[in-house]
Amino acid sequence: MRRAVSALVRKDLRVELRTGEAVPAMLLFSISTFVLFHFALDRRSVDGQLAAGVLWVTLLFAAVLAMGRLFVAEREQGGFDGFLMAPVDRTALLVAKAAVLLCFLVAVELAAVPAFAILLLGPSPWAVLPQLCAVLALADVGVAVVGTLVGALGIQTRTRELIVPILALPLMIPVAIAAARATAPLLVEAGAGGLPGRWLAVLALYDLVFGLLAYAVFDYLLDD
Amino acid sequence: MFARGLRPLSAVTVALLVGAFALVFFYAPNDADQGFIQKIFYLHVPLAIVALCGFLAGGWFGVRYLRTRDRAHDLRAYVAIHLSLILAVAALVTGSIWAKAAWGHWWVWDEPTLVSFLIVFLLYACYQPLRFSIEDPERQARTASVFAIVAGAFVPLNFTAVRLAESFSHPRVLSATGGSMPGDMRITFLVALAAMACLFMTLWKYELTSKQASMQLRALKRRLAADDDPWVPARRSAAPQQL
Numbered sequence: 000m001r002r003a004v005s006a007l008v009r010k011d012l013r014v015e016l017r018t019g020e021a022v023p024a025m026l027l028f029s030i031s032t033f034v035l036f037h038f039a040l041d042r043r044s045v046d047g048q049l050a051a052g053v054l055w056v057t058l059l060f061a062a063v064l065a066m067g068r069l070f071v072a073e074r075e076q077g078g079f080d081g082f083l084m085a086p087v088d089r090t091a092l093l094v095a096k097a098a099v100l101l102c103f104l105v106a107v108e109l110a111a112v113p114a115f116a117i118l119l120l121g122p123s124p125w126a127v128l129p130q131l132c133a134v135l136a137l138a139d140v141g142v143a144v145v146g147t148l149v150g151a152l153g154i155q156t157r158t159r160e161l162i163v164p165i166l167a168l169p170l171m172i173p174v175a176i177a178a179a180r181a182t183a184p185l186l187v188e189a190g191a192g193g194l195p196g197r198w199l200a201v202l203a204l205y206d207l208v209f210g211l212l213a214y215a216v217f218d219y220l221l222d223d
Numbered sequence: 000m001f002a003r004g005l006r007p008l009s010a011v012t013v014a015l016l017v018g019a020f021a022l023v024f025f026y027a028p029n030d031a032d033q034g035f036i037q038k039i040f041y042l043h044v045p046l047a048i049v050a051l052c053g054f055l056a057g058g059w060f061g062v063r064y065l066r067t068r069d070r071a072h073d074l075r076a077y078v079a080i081h082l083s084l085i086l087a088v089a090a091l092v093t094g095s096i097w098a099k100a101a102w103g104h105w106w107v108w109d110e111p112t113l114v115s116f117l118i119v120f121l122l123y124a125c126y127q128p129l130r131f132s133i134e135d136p137e138r139q140a141r142t143a144s145v146f147a148i149v150a151g152a153f154v155p156l157n158f159t160a161v162r163l164a165e166s167f168s169h170p171r172v173l174s175a176t177g178g179s180m181p182g183d184m185r186i187t188f189l190v191a192l193a194a195m196a197c198l199f200m201t202l203w204k205y206e207l208t209s210k211q212a213s214m215q216l217r218a219l220k221r222r223l224a225a226d227d228d229p230w231v232p233a234r235r236s237a238a239p240q241q242l
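Protein chains in written order, with numbering that gives the first Met the number 0: chain A, 0 to 223; chain B, 0 to 242.
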């Protein structure tokens, strides 16, 4: 299982390094969205709940881009057939794809969050960096799991590019609620408040529920 | 297969619906604050509760389908979710009318139950497009079942998250203490809820029977058609096409 997962992850990361398909697009999308928010809100800087909302809407929309691409190579170039013929547990594909999506999200956030701090954010995020990273990590795990599930659902359809966003956005609303509420006190102009524990608990619960759910149903999404 | 007991069930449904509306209009008292408009509550809340139960039932039949690979379960899930979507639209519309009458706005964001319901509705509204865009019937049934299970598990999670995010202001009808309804209102409400549940069951069974009949008809037509006849396929639909 571990070997299969690491082989799949290495394959996907290598493809991404060579083609640069998902992460640069997500990053460009995020930065364009920050610029759009600047003009749409007509604000030089944002803070508090508004900053948290802008950051999370942008990151979640960028994640939707990667979800649609996640299984395209498997479907178009016979990767599913190859994987199904290999004598490995099917859950390996779920774990590997979720890990790959998590890597993409972290890579995008490493650049997009500093870009957000420079372009739009009023208060400096340095002081609250560890708390911010905790929220980002918890939310990313949930988005990665849900994204893998949605990507695997969408790849079965003819209209992947339509189905993936309309499925992903309602499913991610609890993440948006919890992550934005947890981030908001960190980004207040008057000085960062504490990290609200109950929103981290909601994020953790979301990760747990969807992790178990994805583990239970993912096998059925692969062709027999 | 699906038509068993349909006639008595229909009779019970008609009786309960007539009884429920009679109670609503002639027995239940007008609300002290809101007056007559509060009676929409006897329609709105049962609609919402039955729609949510129908969504969850869709998830349950999804599990059954994946376990047994019996197409009948997929058809049951499809019809349950399809009907629940219709009830959900009605619940959102009646909720909106009630909100306008009671609070002066068509939509109130600090209503966790209403907002959660909208999110759940938006998610389940993807069920039909998802099915429609998959042609292979086996894969369609499998994918739709996975979706129904995921969405079913999402319902309680979503209600928790939205409830935490908003202040408490929706009247808690079915709380542990029974809410704050006087006895005659509660009886009316329970009868209305039972009537709506029966209506759902009846419509569900009728729809299943009709779908099964048209499948049989199509199979017979196909058998009658000579080999050189061009077989005219059914109009494309998101519904399961065969059992």
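Where a beta carbon is used, it is the ideal one built from N, C-alpha and C, also for glycine. Since the structure is predicted, the reported quantities are computational estimates derived from the model, not experimental observations.
- In this structure, the beta-carbon distance from Thr201/B to Leu5/B falls below 9 angstroms.
- In this structure, the straight-line span from the alpha carbon of Val92/B to that of Phe60/B is close to 28 angstroms.
- Look at Leu120/A here: in three-state DSSP terms it is strand.
- In this structure, the alpha-carbon of Ala10/B lies about 46 angstroms from that of Gly150/A.
- Residues of chain B whose Cβ lies closer than 7 angstroms to the Cβ of Tyr205/A are, in chain order, Leu156.
- Taking each of Ala150/B, Thr159/B, Asp69/B and Ser115/B in turn and checking the Cα distance to Pro136/B, the smallest one comes out for Asp69/B.
- Residues of chain B with a Cβ closer than 7 angstroms to the Cβ of Pro173/A are, in chain order, Leu156, Asn157 and Ala160.
- Residue-level contact check: Ile80/B does not touch chain A, since none of the beta carbons of chain A fall below 9 angstroms from its beta carbon.
- If you draw a straight line from the Cα of Ala3/A to the Cα of Leu92/A, it comes to about 8 angstroms.
- For Val45/A, the pairing in a beta bridge is given by DSSP as Leu120/A.
- For Val149/B, the chain A residues whose C-beta falls within less than 7 angstroms of its own C-beta are Leu148, Leu212 and Val216, listed in chain order.
- Residue burial annotation: Ser144/B is buried, with at least 16 other C-beta atoms found within 10 angstroms of its C-beta.
- The beta-bridge partner set that DSSP reports for Asp32/B is empty.
- At a cut-off of 9 angstroms between beta-carbon atoms, Arg141/B makes contact with chain A.
- Beyond the five residues adjoining it in sequence on each side, Val107/B comes within less than 6 angstroms, by CB distance, of Ala98 in the same chain, given in chain order.
- Beta-carbon to beta-carbon, Ala189/A and Ala51/A are separated by about 15 angstroms, too far to satisfy the 8 angstroms threshold.
- Under the Cβ distance rule, Glu206/B does not count among the residues neighbouring chain A, no pair being separated by less than 9 angstroms.
- For Met184/B, the enclosing alpha helix (DSSP H) has its first and last residue at Gly182 to Leu223.
- Take the alpha-carbon of Met171/A and the one of Ile117/A: they are about 26 angstroms apart.
- In its chain, beyond the 5 residues on either side, Ala21, Ala24, Met25 and Phe28 have a beta carbon closer than 8 angstroms to the beta carbon of Leu64/A.
- Taking the beta carbon of Ala177/A as reference, the chain B residues within 9 angstroms of it are Ala160, Leu163 and Ala164, listed in sequence order.
- Apart from sequence neighbours up to five positions away, the residues of its chain that approach Val163/A with a beta-carbon distance below 7 angstroms are Val63, Met66, Gly67, Val149, Gly150 and Gly153, ordered along the chain.
- Relative to Ala196/B, the option among Ala56/B, Gln37/B, Pro28/B and Phe1/B whose CA is nearest is Ala56/B.
- Runs of the beta strand (DSSP E) spanning 3 or more residues and lying entirely within the stretch 161-221 of chain A do not occur at all.
- A straight line joining the alpha-carbon of Ala87/B with that of Pro124/A spans about 43 angstroms.
- Unbroken beta strand (DSSP E) stretches of 3 residues or longer found wholly inside the stretch 74-148 of chain B: none.
- Setting aside the 5 residues that flank it on each side, Asp80/A has no residue in the same chain whose C-beta is closer than 7 angstroms to its C-beta.
- Judged by DSSP in its simplified three-state form, Ser31/A adopts helix.
- By the C-beta density criterion, Phe35/B is exposed, having fewer than 16 other C-beta atoms within 10 angstroms.
- DSSP places Val4/A inside the alpha helix (DSSP H), whose first and last residues are Arg1 to Thr18.
- In the DSSP annotation of this structure, the continuous segment of the alpha helix (DSSP H) that includes Leu131/A starts and ends at Leu128 to Gly153.
- In terms of beta-carbon proximity, Gln155/A lines the interface with chain B, with at least one pair separated by less than 9 angstroms.
- Non-local C-beta neighbours of Gln127/B in its own chain, meaning closer than 7 angstroms and more than five positions away in sequence, comprise Ala237, ordered along the chain.
- Taking all protein chains in view, the Cβ of Phe40/B is crowded by 16 or more other Cβ atoms within 10 Å, so the residue is classified as buried.
- Secondary structure at Gly4/B: coil, using DSSP grouped into helix, strand and coil.
- In the three-state reduction of the DSSP assignment, Leu242/B falls in the coil class.
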